[in-house]
Amino acid sequence: MKKITLYVGALLTTIFACNNPTTTSNGGDSKTPEPPYTVQIEEFVNPKLPALHSYSHAVYGDKIIMIGGRTNGLHGQPYEFSQKRTNQYIYVIDTKSWGDPLTWTVDSMHSSKIEFKNKEQFTANNAQFFTENNVLYIIGGLLGANKETKLKNPNNVDGGFEFVKGAKMLNANAPTQQPITLPYFTAIDLGDLVNAVSKGEKMKPNSIRQVIDSSFLVTGGELNIIDKTVYLVFGWDFSFSGGDLYTHEIRKYTYKDDGKTLTVSKVDVCKTCWDGEQDTSSTGNYRRRDGSLSALIDPADNSQMMIYYAGVFKNGNTNFDSPVWISKDAAKEEDFVMRSNVYTCQVVPVHSESKKESYATLLGGMTNAIYNGKPTGKAILLDEKNAPITPINTKNPFDHVAFSNQITTLAVNAKHEFAQYLLPDSFPLTKVPYYLPPVVNKSDTIKGSVYPAGSTAFNGSESEFIWTLDEALMHENGVIKYDDFIKKHADGAVVGYLHGGILSTLPNVFGSGSGHYSIASNRLFAIKLVPVKK
């Protein structure tokens with residue numbers, strides 16, 4: 001979530017074969033034509049890669065840095081945001097000049113070796129982050145508790161958590177007895193960090209700089225930049241002492257970093273960037289977290305903007321299905337129903353100036369509608385007939401938001417009309433077995449500890465995207481220039497790698513009563529953008 005990444009000048013040229021297609025069928029008519037490209041996915045199995053989700057990352061030359069995140073699967077039952085389930089290591093992946101992923105090597109260093117007073121973000125999850133000038137900037141994030149506790153009411157996945165008798169609530173004298181949101185905006189020099197992890201060198205003074213402010217008390221939000229201004233979009237303050245404190249707003253600010261001192265401007269919220277609700281409110285169009293966000297180019301005037309895709313929790317108990325259009329000084333909830341990819345997943349943004357259209361390809365995650373048609377091998381327009389919204393189960397509202405391998409592209413034209421297309425490719429079957437947590441309940445349908453190779457595993461939720469596309473083929477905000485892209489790569493090319501996330505063996509884990517069905521993933525997928533031949 002939460003991310004702008006440093007683009008690497010190397011461009012991979014390996015040609016990838018098409019994988020198993022998802023089911024497809026004819027959709028309805030749309031004023032927004034189907035996207036001119038599809039994606040193809042190939043998996044590379046490198047057991048050295050860490051199994052993580054919800055982590056922060058950056059690219060430094062041919063190195064990938066991974067910080068924080070979680071090492072267990074989806075929060076189910078038992079449910080712990082604890083240090084025991086938190087990644088305590090800093091990983092540096094050497095890609096060998098972006099060579100074959102099977103040759104990549106991994107160095108690691110325990111975060112306790114970082115010499116900095118407020119270093120909790122090195123073990124936080126669901127922080128917001130971006131990189132600029134070889135510096136990783138991290139905002140907020142959730143610090144896990146140093147004690148594990150269980151819920152009395154495990155199906156209440158959003159608000160009103162109740163802990164077993166004897167569990168201590170958050171207080172100033174025990175700041176990690178329960179998970180807390182961090183109030184930090186932190187700058188980390190990547191060169192020093194890589195040398196510390198890979199070579200054992202001591203980090204230089206001022207290589208970590210920080211601002212502490214309540215405006216940064218955000219986790220599960222998203223982040224992007226327009227004209228050098230940071231936009232911190234939605235999210236919440238996970239506070240057991242103060243209840244569910246959602247931001248209900250888009251905060252923006254600028255910063256200065258001279259390598260010695262980090263400073264920030266006053267945080268501003270535009271008139272339409274707040275839904276009018278207080279942070280404790282369970283209603284409001286912007287009471288959102290754990291959605292997806294991407295930069296985009298407005299096809300009407302080629303200006304920079306962004307879109308926030310869906311998210312949770314609407315009215316405190318279910319998902320949103322509408323995107324939010326965010327420009328430099330305004331935000332608007334769009335009158336459009338998304339039918340897939342409504343939970344945090346990675347987004348590949350594309351713009352075609354010649355077609356006056358923009359596209360956002362969403363990779364897996366969770367869906368609120370299951371496509372009911374037959375395969376055709378082509379992109380299919382989703383509508384209420386072929387992808388009806390799954391009815392909400394009042395006993396467990398999340399029965400209707402299932403893990404999914406669906407990959408869709410949201411298309412928008414110069415009139416700002418939307419359409420969502422299901423793409424034919426999907427995530428492949430597992431190549432290797434995966435080891436699951438111990439069985440919790442007698443009713444667990446997957447009895448063994450091994451999930452075998454050749455199985456369907458749901459991917460994409462809380463994963464990270466590592467861009468490898470040549471920066472010359474991208475706009476300043478990271479959106480792919482499709483017209484330039486196909487001139488150079490008529491048959492398509494890899495644009496980056498999808499790593500990690502939550503691997504689920506079932507479409508729905510909530511309500512199962514078990515944490516047996518999902519794990520943190522170390523799967524690595526090359527994502528290739530391929531023009532559709534007419």
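Position 3, counted from 1, in the sequence shown is what the working numbering calls 3; the numbers after and before it change by one each time, with no gaps.
Even glycine gets a Cβ: it sits at the ideal position worked out from N, Cα and C.
All values reported here derive from a predicted model rather than from experimental measurement.
Sort the options by Cα distance to residue i and report the nearest one.
i: Ala187; options: Lys199, Val197, Ile212; result: Ile212
i: His75; options: Met66, Thr86, Ile67, Ile65; result: Thr86
i: Lys328; options: Val92, Lys31, Cys270, Met109; result: Cys270
i: Asp470; options: Glu464, Lys488, Ser455, Ile41; result: Lys488
i: Thr181; options: Ser207, Asn125, Asp383; result: Asn125
i: Glu333; options: Arg339, Phe320, Ser340, Cys345; result: Phe320
i: Phe81; options: Val92, Leu52, Asn146, Gly99; result: Asn146
i: Asp484; options: Tyr343, Gly311, Ser352, Lys252; result: Ser352
i: Glu417; options: Ile380, Pro299, Lys378; result: Pro299
i: Val439; options: Tyr517, Gly316, Cys273; result: Tyr517
i: Leu503; options: Thr376, Leu473, Cys345, Leu410; result: Cys345
i: Ile446; options: Val509, Gly99, Pro47; result: Val509
i: Lys533; options: Lys378, Pro428, Ser354, Lys481; result: Lys378
i: Gly492; options: Leu473, Thr123, Gly141; result: Leu473
i: Thr261; options: Ile64, Lys355, Asn413, Asp189; result: Asp189
i: Leu223; options: Gly259, Asn46, Val337, Arg289; result: Arg289
i: Asp94; options: Asn118, Gly69, Phe122, Ile65; result: Ile65
Give the secondary structure of residue i by DSSP, where H, G and I count as helix, E and B as strand, and everything else as coil.
i: Arg523; result: coil
i: Thr552; result: Because the chain here runs from 1 to 534, residue 552 falls outside it and cannot be looked at.
i: Gln128; result: strand
i: Lys415; result: coil
i: Ile392; result: coil
i: Leu142; result: strand
i: Pro47; result: coil
i: Thr283; result: coil
i: Lys271; result: coil
i: Leu74; result: coil
i: Ser111; result: helix
i: Pro101; result: helix
i: Asp425; result: strand
i: Gln278; result: coil
i: Phe458; result: strand
Exposed or buried, residue i, counting other C-beta atoms within 10 Å across all chains shown (16 or more means buried)?
i: Leu294; result: With the sequence shown as reference, residue 294 is identified as Ser, and Leu is not the correct amino acid for it. By the 10 Å Cβ count, Ser294 comes out buried.
i: Tyr435; result: exposed
i: Leu102; result: exposed
i: Val432; result: exposed
i: His400; result: buried
i: Phe268; result: Residue identity differs from the one stated: residue 268 is Asp in this sequence, not Phe. Counting Cβ neighbours within 10 Å, Asp268 comes out exposed, since fewer than 16 surround it.
i: Gln278; result: exposed
i: Asp301; result: exposed
i: Glu43; result: buried
i: Arg523; result: buried
i: Gly235; result: buried
i: Glu476; result: exposed
Rounded to the nearest angstrom, what separates residue i and residue j at their Cα positions?
i: Phe486; j: Glu357; result: According to the sequence displayed, residue 486 carries Ile and not Phe. The alpha-carbon atoms of Ile486 and Glu357 are separated by roughly 15 Å.
i: Thr361; j: Glu34; result: 12 Å
i: Glu120; j: Leu143; result: 7 Å
i: Gly500; j: Thr430; result: 14 Å
i: Lys168; j: Gln83; result: Below a pLDDT of 50, predicted positions are generally treated as unreliable, and Lys168, at 31, falls in that range; the measurement from the model is reported next regardless. Approximately 16 Å, taken between the alpha carbons.
i: Ile138; j: Ile326; result: 21 Å
i: Tyr89; j: Phe525; result: 23 Å
i: Ile297; j: Tyr308; result: 13 Å
i: Gly28; j: Lys385; result: At Gly28 the pLDDT is 47, less than 50, meaning the model places this residue with poor confidence and gives no usable figure here.
i: Ile527; j: Lys415; result: 29 Å
i: Pro179; j: Tyr37; result: 43 Å
i: Ser54; j: Ser455; result: 24 Å
i: Val479; j: Val495; result: 11 Å
i: Gln128; j: Tyr451; result: 32 Å
i: Ser340; j: Ser292; result: 12 Å
i: Ala387; j: Gly316; result: 25 Å
i: Ser322; j: Asn285; result: 9 Å
i: Thr376; j: Ser426; result: 14 Å
i: Pro391; j: Lys113; result: 50 Å
i: Gly448; j: Ala520; result: 18 Å
i: Gln420; j: Arg209; result: 42 Å
i: Ile41; j: Leu529; result: 9 Å
i: Thr408; j: Asn206; result: 43 Å
i: Ala310; j: Val337; result: 9 Å
i: Thr318; j: Asp258; result: 43 Å
For residue i and chain C, any beta-carbon pair shorter than 8 Å?
i: Ile64; result: The structure shown has no chain C; it contains just one protein chain.
Sufficient close CB pairs (3 or more, under 8 Å) joining the segment 217 to 229 to the segment 127 to 138: yes
Cβ pair count under 8 Å reaching 3, the segment 58 to 68 against the segment 179 to 194: yes
Cβ contact check for the segment 254 to 265 and the segment 94 to 109: 3 or more pairs under 8 Å: no
The segment 404 to 412 in contact with the segment 362 to 377 per 3-pair CB rule at 8 Å: yes
Contact between the segment 490 to 500 and the segment 459 to 466 (3+ Cβ pairs under 8 Å): yes
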